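Per my numbering, the sequence shown starts with residue 8, numbered consecutively. C-beta: ideal position from N, C-alpha, C; glycine also. Since we're looking at a predicted model, the values are computed, not measured.
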Amino acid sequence: MITEATRARFEREIAKYPADQKQSAVMACLSIVQQEQGWVSEESEAVIASILGMPEIAVHEVTTFYNMYNQKPLGKFKLNVCTNLPCQLRDGSKALQHLAQKLGIEMGQTTPDGLFTLQQSECLGACADSPVMLVNDRHMCSFMSNEKLDQLVDGLRASVSK
């Protein structure tokens, strides 16, 4: 459900554009929903479409085009490992495999405790720092050796149990 506080955040984003171009705020509105709810539901897309004066399918097309928008609830920590060619050449796929083994899940799955969702991603724009990953679409992690991956997962797990 979209709260009044969320609608107010939408309005601040919409105000950045000329009145006849308020549809330009679609990505910002989707990001707000993602931050507040953890994922973007079809119901949220419908509200955004109504507020922006867009067809619902146009909002859904944006949601499905970008992998930063979750279309279903995921774990508390979304781990996106770059598996594009430059990262693969520098062990990106091995990093993904290591995380899958450590977490006991396959790519695309969420751990039974709901903490981690493991995904592959396309280029994160840090090829020289590979293997790289993005945590919750916000925190870039570079040069991720198996030891660093283990430390990251253990640290995230510990941050929740405190």
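Kindly give me the distance between the Cβ atoms of residue i and residue j, rounded to whole angstroms, as I take these residues to be in contact under 8 Å.
i: K109; j: D157; result: 7 Å
i: E52; j: H67; result: 5 Å
i: P138; j: A107; result: With a Cβ gap of about 14 Å, P138 and A107 do not count as contacting.
i: Q127; j: T90; result: 4 Å
Let's see if you can read the secondary structure: which residues bound the beta strand (DSSP E) around residue i?
i: F84; result: 84-89
i: C148; result: 146-148
Taking the alpha-carbon of residue i as reference, which of the options has the nearest alpha-carbon?
i: L59; options: R14, G162, L122, L125; result: R14
i: D136; options: L96, F123, V33; result: L96
i: Q78; options: S31, V88, V47; result: V47
i: C36; options: E20, C134, T10, L122; result: E20
i: D144; options: R16, E18, N74; result: N74
i: E113; options: I64, V88, L159; result: V88
How many angstroms separate the CA atom of residue i from the CA atom of residue j?
i: K23; j: N153; result: 43 Å
i: L81; j: L131; result: 20 Å
i: G99; j: M147; result: 14 Å
i: P62; j: A56; result: 6 Å
i: A12; j: E50; result: 17 Å
i: I39; j: P93; result: 32 Å
i: S31; j: I9; result: 19 Å
i: K85; j: S149; result: 16 Å
Determine the extent of the alpha helix (DSSP H) in which residue i is found, giving its start and end residues.
i: C94; result: 92-96
i: S31; result: That residue, S31, is in no alpha helix (DSSP H); it is neither H nor E in DSSP.
i: I58; result: 49-59
According to DSSP, which residues form a beta bridge with residue i?
i: M140; result: V88, C148
i: Q126; result: N87
i: T117; result: T124
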